[in-house]
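Numbering (my numbering), first residue to last: 30 to 493. Glycine included, C-beta positions come from ideal geometry on N, C-alpha and C. The structure appears below as C-alpha cells.
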Amino acid sequence: MTVRRPIRRRLMGTHVATVRAPRPARAVGSGSVQFLLGFGTILGIGTFLLSLPVATESGGATPVLDALFTATSALCVTGLVVVDTQAHWNFFGEAVILALIQIGGLGYMAGASLVLWVIGGRLGVRDQYMLRLYYGAPTMGETLTFVRRVVLYALSFEAVGAAVLFVAFGVAGVGWSRAVWWGIFHGLSAFNNAGFNVTGADLLPYAELPYIIIPHALLIIFGGLGAVPVLLVIQRRSWRRLNLDARLIFVTTAALIVVGTAFIAAAEWHNEATLGALPPIHRIDVAFFQAVTPRTAGFSAIDIGKATEESLFFLLGLMFVGGAAGSTAGGIKVGTFAVLLAAVVAVLLGREDVSALGRRVNRTVILQALAIVVSFLLVLFILTVALLATTDFDSLATLFEVQSAMGTVGLSTGITPAVGTAGKVILIIGMLFGRFGPLVMVLEMTRRHRKSIFRLPEDSIRLG
C-alpha cells in the first residue's frame, strides 16, 4: 500500500495540507456501486418472477409496477403491499417473496461469502472491507469468520422461530399442514423485520393469543439488534467488556421498548377500535408488541388506521429511529439516534466533549450521524410533498406511509393500495433509500474523509 505525500496549497495566506485517504478506503467507493448493482440485479429477477402468471392464485400476470413494488418491499424488508399477499400470490409467489426477504435481511454479500466458504473460494480485499464496515468485525482477518457467525445466528433464530410459530399456529386452529408454511414464512419475515404475512388479516385475529404475538415480537427484537452485539455478549460475558456501540444498542433499544409500551398502552387503552376492545391483560401484551414492531417489522395486532393521532405521531418517531446498524432493521439506526441525543445533552450542559455510557464519542462519528439524519429528513420531506401532490389523502396518513416506506417498516393506515402509479413509484424510492441510503452514505463518507493539518480561520454564526 502506498500513501501519497501531502499536497500543499496556498489559500488566502494560509497553508492547507490535505492527506488523501489510503487505497483501501478508495475501494469502498467502487464497492458501494458493486453493492447496489448486486441488489439491483436481484430486484430485477424478483420483479420478473413475480410478474409471471405462475406466481398468482388467479393464473393471471401481475402488472410490472405491482410486481416491482412487491419485490422492492420484500428485498428492502419493508412489508408494504399493494395486493393482498395471501389472496393474490400462490405458493410460488410467496416463496419468491420469502427468498427476497431472506436475501434483503441477511444481505447478499453475507450469503455470497458463505457460498464461497463452502466451495473453498475467497473474497477480495474490497468485499472483506465492506463486510467489516457493515457487520462490525474487529479486524480484516476476522471478517469471514465473523460473517459465518452472523449467518449462523440468523439461521438459528429463524429455525427456532419457525418451529415455535408452527406449533403456535397449529394450536390456534389454522390446520397443521397450513401451520408448517405459516410458521416458516412468519418466522423468517419476523426475524428479518419484513412484516409480510400470509394470514390475510395480519395478526389482528391473534391479538388475544400471546403465544403467537410474543414469539413474533422476540424474533423482531433479535433481528433488529443484529448479530454483532449479541455475539459480543456471548463472547465477552461482561457488560463492561462490551464496546460502546453494543452497549448503546442494548440500552437505547430497551428504553424505546419500555417507553413505547407505556405510551401506546396509555394512548390506546380506552380506544374501542384498538386496545380498548381487548381484555385488560391482553392490552399490555399488544401494547408491548406494537412498541416493538414499528422498529421496523410492520406486523400489527391492531388496526393502525383507527389508532389515535397521538399514537400515530409516536409511531412515526419509532419508525424514524429504527433498529441497530448491521441488523435487519431500517431507520436512521439506534446508534445514530443515541449519538445525536448525547450530543444535544453535551451542548445543553456546556461540555466540550460528547460522551455516552462512560466513553467519549469521536467528533467525526457525530458529524456523520448528523449528515445521515439531515439527509433522511430532507428525503422524507421531499417524498411526502410529492405524495401529497399526487394523492388526495390527508397529511398525517401520507406522512405515515412515506415514513413507513423509508423506515422499511411496513405499517400502513390502509392507503398504500390506493396511492396510484405515481404514489407507488414514490414509495418504491422511499423504500430503496431507507434500506440502502444510510449504508451507502457511511461508505462514501468513509471513502471521502480527509484530514486537514491546517484549518481556515474560524468565524461565528448566530443561532436561535
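Notebook entry, point to check: What's the C-alpha gap between residue 391 and residue 383?
Noted result: Sequence index remark: in the sequence shown, residue 391 carries index 362 (1-based). Sequence index remark: in the sequence shown, residue 383 carries index 354 (1-based). C-alpha separation (whole angstroms): 8 Å.
Next item on the list: Return the Cβ separation of residue 239 and residue 314 in integer angstroms, given the expectation that the two are a contact with Cβ distance under 8 Å.
Entry: Mapped onto the sequence shown, residue 239 falls at position 210. Mapped onto the sequence shown, residue 314 falls at position 285. Rounded, the Cβ-Cβ distance is 5 Å, consistent with contact.
Check: What residue from 329, 413 and 468 has the CA that sits closest to residue 232's CA?
Finding: Within the sequence shown, numbered from 1, the residue matching residue 232 stands at position 203. Measuring from the Cα of residue 232, the nearest candidate turns out to be 329.
Next item on the list: Give me whichever residues DSSP pairs with residue 385 in a beta bridge.
Entry: Here the question's residue 385 lines up with position 356 in the sequence shown. Looking at the DSSP assignment, residue 385 forms a beta bridge with 388.
Item checked: Residues that residue 118 bridges to, as DSSP identifies them -> Position 89 of the sequence shown, counted from the first residue, corresponds to residue 118. For residue 118, which the question treats as bridged, DSSP gives the partners 85.
Notebook entry, point to check: Rounded to a whole number of angstroms, what is the C-alpha to C-alpha distance between residue 388 and residue 273?
Noted result: Counting from 1 along the sequence shown, the entry for residue 388 is found at position 359. Counting from 1 along the sequence shown, the entry for residue 273 is found at position 244. Straight-line Cα distance between these residues: approximately 7 Å.
Next item on the list: Could you name the residues of the same chain whose beta carbon sits closer than 8 Å to that of residue 285, not counting the 5 residues immediately before and after it, in chain order?
Entry: For the purposes of this step, residue 285 is taken as the residue at position 256 of the sequence shown. So the qualifying residues of the chain are 320, 324, 347, 350 and 363.
Checklist line | Inter-residue spacing [alpha-carbon to alpha-carbon] between residue 208 and residue 234 | finding: Against the sequence shown, residue 208 aligns to sequence position 179. Against the sequence shown, residue 234 aligns to sequence position 205. Computed Cα separation, rounded: 15 Å.
Next item on the list: Please name the residue in 423, 397, 448 and 108 whose C-alpha comes closest to that of residue 467.
Entry: The residue you call residue 467 lines up with position 438 of the sequence shown. It is 397 whose Cα lies nearest to the Cα of residue 467.
Item checked: Residue environment, residue 373, which counts as buried when at least 16 other CB atoms sit within 10 Å -> Residue mapping note: residue 373 aligns to position 344 of the sequence shown, counting from 1. Burial call: exposed.
Margin query: Check this for me: beta carbons of residue 252 and residue 360, under 7 Å apart or not?
Written below: Within the sequence shown, residue 252 is the residue found at index 223, counting from 1. Within the sequence shown, residue 360 is the residue found at index 331, counting from 1. No; because the gap between Cβ atoms is not below 7 Å, this pair is not in contact.
Margin query: Can you give me the C-alpha to C-alpha distance between residue 57 and residue 341, rounded to a whole angstrom?
Written below: Position 28 of the sequence shown, counted from the start, is the residue given in the question as residue 57. Position 312 of the sequence shown, counted from the start, is the residue given in the question as residue 341. Low confidence applies to residue 57: its pLDDT is 41, below 50, so where it sits in the model is not reliable enough to give any reading.
Next item on the list: Say whether chain D places a C-beta atom closer than 7 Å to the C-beta of residue 282.
Entry: Absent from the structure: chain D. Only one protein chain is present.
Check: Between which two residues does the alpha helix (DSSP H) carrying residue 245 extend?
Finding: Along the sequence shown, one-based indexing puts residue 245 at 216. Residues 239-254.
Next item on the list: Express the C-alpha separation of residue 280 and residue 371 in angstroms, rounding to a whole number.
Entry: Working through the sequence shown from its first residue, we reach residue 371 at position 342. Working through the sequence shown from its first residue, we reach residue 280 at position 251. So the two alpha carbons sit approximately 13 Å from each other.
Checklist line | C-alpha gap between residue 443 and residue 102, whole angstroms | finding: Translated into the one-based positions of the sequence shown, residue 443 becomes position 414. Translated into the one-based positions of the sequence shown, residue 102 becomes position 73. Taking the straight line joining both Cα atoms gives about 16 Å.
Next item on the list: Could you check if residue 527 is buried or exposed, using at least 16 other CB atoms within 10 Å of its CB as the buried criterion?
Entry: Outside the displayed range of the chain (30 to 493) lies residue 527, so it cannot be described from this structure.
Item checked: 7 Å Cβ cutoff met for residue 355 and residue 440 -> Working through the sequence shown from its first residue, we reach residue 355 at position 326. Working through the sequence shown from its first residue, we reach residue 440 at position 411. No.
Next item on the list: Excluding the 5 residues preceding and the 5 following residue 303 in the sequence, name in chain order all residues of the same chain whose CB lies nearer than 7 Å to its CB.
Entry: Walking along the sequence shown from the start, residue 303 turns up at place 274. The residues are 297, 331, 332, 335 and 336.
Next item on the list: Note down, in chain order, each residue of its chain lying with its Cβ closer than 8 Å to the Cβ of residue 90, except the 5 sequence neighbours on either side.
Entry: Taking the sequence shown and counting its residues from 1, the one referred to as residue 90 is at position 61. Within the same chain, residue 90 has close Cβ partners 80, 81 and 82.
Notebook entry, point to check: Does DSSP put residue 487 in a helix, in a strand, or in coil?
Noted result: Taking the sequence shown and counting its residues from 1, the one referred to as residue 487 is at position 458. Residue 487: coil per DSSP, three-state reduction.
Next item on the list: Would you tell me roughly how many angstroms separate the C-alpha atoms of residue 189 and residue 488, rounded to the nearest one?
Entry: Counting from 1 along the sequence shown, the entry for residue 189 is found at position 160. Counting from 1 along the sequence shown, the entry for residue 488 is found at position 459. Distance between the alpha carbons of residue 189 and residue 488 is about 58 Å.
Note to self: Please classify residue 264 as buried or exposed, where buried requires at least 16 neighbouring CB atoms within 10 angstroms.
What the structure shows: On the sequence shown, position 235 is the one that residue 264 refers to. The residue in question, residue 264, is exposed, as its Cβ has fewer than 16 Cβ neighbours within 10 Å.
Next item on the list: Taking residue 130 as the reference, give the member of 465, 358, 203 and 221 with the closest Cα.
Entry: What you label residue 130 is simply residue 101 of the sequence shown in a count that begins at 1. Nearest option by C-alpha distance: 221.
Check: Helix, strand or coil: how does DSSP classify residue 378 here?
Finding: One-based indexing of the sequence shown puts residue 378 at position 349. Coil.
Checklist line | Run of the alpha helix (DSSP H) containing residue 299, from where it starts to where it stops | finding: What you label residue 299 is simply residue 270 of the sequence shown in a count that begins at 1. Counting along the chain, residue 299 falls outside any alpha helix (DSSP H), and DSSP gives it neither H nor E.
Note to self: Alpha carbons only, please: which of 470, 126, 275 and 268 is nearest the one belonging to residue 403?
What the structure shows: Taking the sequence shown and counting its residues from 1, the one referred to as residue 403 is at position 374. Residue 470 is the option with its Cα nearest to residue 403.
Item checked: Inter-residue Cα distance where the pair is residue 254 and residue 486 -> Taking the first residue of the sequence shown as position 1, residue 254 is located at position 225. Taking the first residue of the sequence shown as position 1, residue 486 is located at position 457. About 43 Å.
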